[in-house]
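Report on the structure given below.
Residue numbers (the numbering used here): 1259 to 1668.
Structure follows, in structure tokens:
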């Protein structure tokens, strides 16, 4: 595949059922945002077809007997109106607007309707077969969200705000205040999202930075081949618009210039001189001849070192994207340079269990084969999640959803 035309990346989504009668919606799983939303009827800029699915669905509040539109007078609107993602003009519907990192935007109004748990969970794992969900009805989309290539029915925010999907389920006693995911990184796709705490012996935890709107961690240093990079400590500090966050809704990893440049420089010094380098479309790439049997012997490991002695170690396959060429292989960094915030997306999250523990205010991770079942902590319930769509859970406090990974073109 030619670098100038496309690059193979991934998108993780799951299926939910909303309304009465229930309708199926495929939604992106995004830990970098809060508001759950789906396409609404009469949407301006919403794609009509998708390169990912056979058919896109659009929510119509008028066609659901259990739906209600949230107005400015509703107490639910009052709980979020002070956030930057919501507004409430007098005597109007409670509206929202979400801006994403790459520049796209969606806006609309809030509705309340039933989320049907029986459609996503096998067995009696929740006290109710359905629960009310407060979500956005999107009637305007811009930028990448208008593209048919990667179109889904919506995005479900799994952030820290009380309006997020995980927070709403927890407030109703349906799910614990912790969730975990394991995203498969190979082309076969798949993965698991567990509303509960994954229990594996090698998980390391780093504390969440308090009073931040995203899942921010304290990145303290970076080492490559055991050598610590010379980076100004001020670069790692977290403020309102700076820091390091974990975001499953982002495909690549984005490092600010003071971090990105030292990483590229150290990798370049660590690889053999016969490996060529080039830059194209924002990607920094390495050219390796086909005579090299194992590219992982050429490229170094990268260790992102977080507070509490928790290191996220990236193997070459965790940060390089392959591009086949004549008699050679081009491997490009799945890192881009950004101005303010470091964002760790799917390329470094894949092939690992990640635990978002909101109760204990921490995030944990470990390398894992995401084709295997995930053990769940006894404190939240105990169960298994098998690949292929069959979910087997034994206790009432854990929900699990199968997520899918599909290659898309950008």
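For every residue, glycine included, the Cβ atom is placed at its ideal position computed from N, Cα and C. From a predicted model like this one, the values you see are computed outputs, not experimental measurements.
Cutting at 6 Å between CB atoms, please list the residues of its own chain near residue i, excluding the five before and the five after it.
{"i": "residue 1625", "result": "1610"}
{"i": "residue 1334", "result": "1328, 1392"}
{"i": "residue 1542", "result": "1522, 1591"}
{"i": "residue 1512", "result": "1594, 1596, 1601"}
{"i": "residue 1549", "result": "Unreliable placement is indicated for residue 1549, whose pLDDT of 49 sits below 50; the coordinate value is still reported in the next sentence. None."}
{"i": "residue 1561", "result": "1481, 1569, 1571"}
{"i": "residue 1307", "result": "1406"}
{"i": "residue 1437", "result": "1424, 1453, 1614"}
{"i": "residue 1319", "result": "1325, 1327, 1369"}
{"i": "residue 1598", "result": "1499, 1500"}
{"i": "residue 1578", "result": "1589"}
{"i": "residue 1427", "result": "1433"}
On the criterion of 16 or more Cβ atoms from any shown chain inside 10 Å, does residue i qualify as buried, or is it exposed?
{"i": "residue 1517", "result": "buried"}
{"i": "residue 1371", "result": "buried"}
{"i": "residue 1509", "result": "buried"}
{"i": "residue 1272", "result": "buried"}
{"i": "residue 1617", "result": "exposed"}
{"i": "residue 1495", "result": "exposed"}
{"i": "residue 1331", "result": "exposed"}
{"i": "residue 1485", "result": "exposed"}
{"i": "residue 1459", "result": "exposed"}
{"i": "residue 1209", "result": "For the chain, the structure presents residues 1259 to 1668; residue 1209 sits outside this window and is missing."}
{"i": "residue 1429", "result": "exposed"}
{"i": "residue 1336", "result": "exposed"}
{"i": "residue 1422", "result": "buried"}
{"i": "residue 1448", "result": "buried"}
Go to residue i, then tell me how far its beta strand (DSSP E) extends in each direction, as first and last residue.
{"i": "residue 1427", "result": "Segment 1423–1429 is the alpha helix (DSSP H) holding residue 1427; no beta strand (DSSP E) there."}
{"i": "residue 1626", "result": "Careful: residue 1626 lies outside any beta strand (DSSP E) and carries neither H nor E."}
{"i": "residue 1394", "result": "1388–1399"}
{"i": "residue 1468", "result": "Where residue 1468 is concerned, there is no enclosing beta strand (DSSP E), given that its DSSP letter is neither H nor E."}
{"i": "residue 1367", "result": "1363–1374"}
{"i": "residue 1615", "result": "1610–1615"}
{"i": "residue 1357", "result": "1353–1357"}
{"i": "residue 1300", "result": "1295–1302"}
{"i": "residue 1413", "result": "1412–1415"}
{"i": "residue 1507", "result": "From DSSP, residue 1507 is part of no beta strand (DSSP E); its letter is neither H nor E."}
{"i": "residue 1537", "result": "1534–1538"}
{"i": "residue 1437", "result": "1436–1441"}
{"i": "residue 1563", "result": "1560–1564"}
Leaving out five residues before and five after residue i in sequence, what residues of the same chain have Cβ atoms less than 8 Å from its Cβ?
{"i": "residue 1396", "result": "1295, 1296, 1297, 1298, 1301, 1304, 1364, 1365, 1366, 1412"}
{"i": "residue 1461", "result": "1611, 1613, 1622, 1623, 1624"}
{"i": "residue 1619", "result": "1465, 1466, 1468"}
{"i": "residue 1488", "result": "1520"}
Grab me the residues of residue i's own chain with a C-beta within less than 7 Å of its C-beta, minus the 5 sequence neighbours each way, in chain order.
{"i": "residue 1388", "result": "1372, 1373, 1374, 1375"}
{"i": "residue 1490", "result": "1516"}
{"i": "residue 1573", "result": "1554, 1559"}
{"i": "residue 1278", "result": "1322, 1323, 1324, 1372"}
{"i": "residue 1493", "result": "1514, 1516, 1517"}
{"i": "residue 1284", "result": "1271, 1273, 1311, 1410, 1411"}
{"i": "residue 1603", "result": "1505, 1508, 1509, 1510, 1511"}
{"i": "residue 1404", "result": "1303, 1305"}
{"i": "residue 1575", "result": "1554"}
{"i": "residue 1556", "result": "1529, 1530, 1533, 1546, 1550"}
{"i": "residue 1435", "result": "1428, 1616, 1617"}
I'd like to know whether the C-beta atoms of residue i and residue j end up nearer to each other than 8 Å.
{"i": "residue 1507", "j": "residue 1286", "result": "yes"}
{"i": "residue 1473", "j": "residue 1632", "result": "no"}
{"i": "residue 1479", "j": "residue 1402", "result": "no"}
{"i": "residue 1465", "j": "residue 1552", "result": "no"}
{"i": "residue 1394", "j": "residue 1414", "result": "no"}
{"i": "residue 1441", "j": "residue 1316", "result": "no"}
{"i": "residue 1289", "j": "residue 1443", "result": "no"}
{"i": "residue 1545", "j": "residue 1536", "result": "yes"}
{"i": "residue 1400", "j": "residue 1362", "result": "yes"}
{"i": "residue 1606", "j": "residue 1456", "result": "no"}
{"i": "residue 1309", "j": "residue 1408", "result": "yes"}
Could you tell me the boundaries of the alpha helix (DSSP H) in which residue i lies?
{"i": "residue 1673", "result": "Because the chain in this structure spans residues 1259 to 1668, residue 1673 falls outside the shown range and cannot be described."}
{"i": "residue 1605", "result": "1604–1607"}
{"i": "residue 1598", "result": "Note, residue 1598: premise wrong, no alpha helix (DSSP H); not H, not E."}
{"i": "residue 1284", "result": "Run containing residue 1284: none in the alpha helix (DSSP H); it sits in the beta strand (DSSP E), 1281–1288."}
{"i": "residue 1334", "result": "1333–1336"}
{"i": "residue 1576", "result": "1574–1577"}
Taking only beta-carbon positions, decide if residue i is within less than 8 Å of chain C.
{"i": "residue 1272", "result": "No chain C is part of this structure, which consists of one protein chain only."}
- Evaluate the contact criterion for the region 1321–1331 versus the region 1449–1459: three or more CB pairs, one atom per stretch, below 8 Å. no
- Message: Taking contact to mean 3 or more Cβ pairs, one atom from each stretch, closer than 8 Å, check whether the region 1524–1534 and the region 1498–1505 are in contact.
- Response: no
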